[in-house]
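The opening position of the sequence shown corresponds to residue 1 in this note's numbering, with each subsequent residue numbered one higher.
Glycine is no exception: its CB is placed at the ideal position from the N, C-alpha and C atoms.
Here is the structure we will look at.
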Amino acid sequence: MQITGTVTANRRFSLPTLRRVLLADTGILLVTGLVYLGTAHWLGPALDLPSALIAGSGAFFLAFGAGMLTLGTRRSIHGAGVYGAIGINLAWAVASSILLLGSWIAPNALGVAFVLANLIAALVVAELEAMTLRAAR
Numbered sequence: 001m002q003i004t005g006t007v008t009a010n011r012r013f014s015l016p017t018l019r020r021v022l023l024a025d026t027g028i029l030l031v032t033g034l035v036y037l038g039t040a041h042w043l044g045p046a047l048d049l050p051s052a053l054i055a056g057s058g059a060f061f062l063a064f065g066a067g068m069l070t071l072g073t074r075r076s077i078h079g080a081g082v083y084g085a086i087g088i089n090l091a092w093a094v095a096s097s098i099l100l101l102g103s104w105i106a107p108n109a110l111g112v113a114f115v116l117a118n119l120i121a122a123l124v125v126a127e128l129e130a131m132t133l134r135a136a137r
């Protein structure tokens, strides 16, 4: 299906590529959330990160994943929802940067790599979601 015109927050999309990207994001969020919740007690000490931070991140990922599942499985996908998902991913990347640059935590090298991997993953997913919206113009 080809969509032409301007992409707005109120525009609805039913592009298969957009749906695949949203559902891939959903899968990543749900699996990562479960892993973080299940291993926070072990990951925290191994990475010199607070276990509560990892468990809280896991809970957030599960909630965000549930929202993404709802968005990605709708018959038509609302543009505002996709913009919201992009914004949340970008906010996650910014928060991860602030966390590393601030003095609240002192992770070891593996902990820094762990936070950076989360930051990069959020940026990649946000860009993939944005690319699908640009392609819909």
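Query: Threshold first: 4 residues or longer. Then list the alpha helix (DSSP H) segments lying entirely within the stretch 75 to 120, N to C.; Result: 79 to 101
Query: For D48, which of helix, strand or coil comes out of DSSP?; Result: coil
Query: According to DSSP, is T39 part of a helix, a strand, or is it coil?; Result: helix
Query: How close, in whole Å, do the beta carbons of P107 and L43 come, if the pair is a contact with beta carbons under 8 Å?; Result: That belief does not hold up - the Cβ atoms of P107 and L43 are roughly 11 Å apart, past 8 Å.
Query: Measure the CB-CB distance between L15 and I77 and report whether it falls below 9 Å.; Result: yes
Query: By a C-beta neighbour count over all protein chains shown, 10 Å radius and 16 as the cutoff for buried, is S96 buried or exposed?; Result: buried
Query: Using only the alpha-carbon positions, how far apart do L34 and G84 sit?; Result: 23 Å
Query: Between A55, P45, A80 and G81, which has its C-alpha nearest G111's C-alpha?; Result: P45
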